[in-house]
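Trainee: Using the numbering used here, read the sequence shown as starting at 1 and increasing by one per residue.
Input: one structure, supplied below.
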Amino acid sequence: MSSRVAIEEGARIAPVGFGWATIMNADPATQVGLGAGILTCLYMLGQLWWIWRRARIEDEKLKMLKREHLAELAAKRDTGSSQSVGES
């Protein structure tokens, strides 16, 4: 690995270490507040994922019902046209 890549990667991940050190040295109230904020954010992201998942499932159900309905109409149409041909 070249020294340039090592420096770029070090600069990219350095804020993580500094942030972790800052949080660990912060007073307990700040740590609790930050933890609560992170948990709230994760909860909201989970809720958004759940809503998106349910919407996708409902959309798939709707598409399936539409395909079944169209297939049923096509079957009725084919049955009706074959009966009229047989009657002639």
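From the three backbone atoms N, C-alpha and C, an ideal C-beta is built for every residue, glycine too.
In whole angstroms, give me the CA-to-CA distance for L70 and I51.
Mentor: Between L70 and I51, the C-alpha separation is close to 28 Å.
Trainee: Can you find a CB in chain B that lies within less than 7 Å of the CB of I13?
Mentor: As a matter of chain content, chain B is missing from the structure shown, which is built from one protein chain.
Trainee: For E60, I'd like the list of residues in its chain whose CB is within less than 7 Å of its CB, leaving aside the five on either flank, ordered along the chain.
Mentor: If we look at E60 and ignore the five residues flanking it on each side, it has no Cβ neighbours.
Trainee: According to DSSP, is D78 helix, strand or coil?
Mentor: In the structure shown, D78 sits in a helix (DSSP, three-state: H, G or I).
Trainee: Helix, strand or coil for E72, going by three-state DSSP, please let me know.
Mentor: In this structure, E72 counts as helix in the three-state DSSP scheme.
Trainee: DSSP three-state label for S2, please.
Mentor: Of the three classes helix, strand and coil, the one that applies to S2 here is coil, per DSSP.
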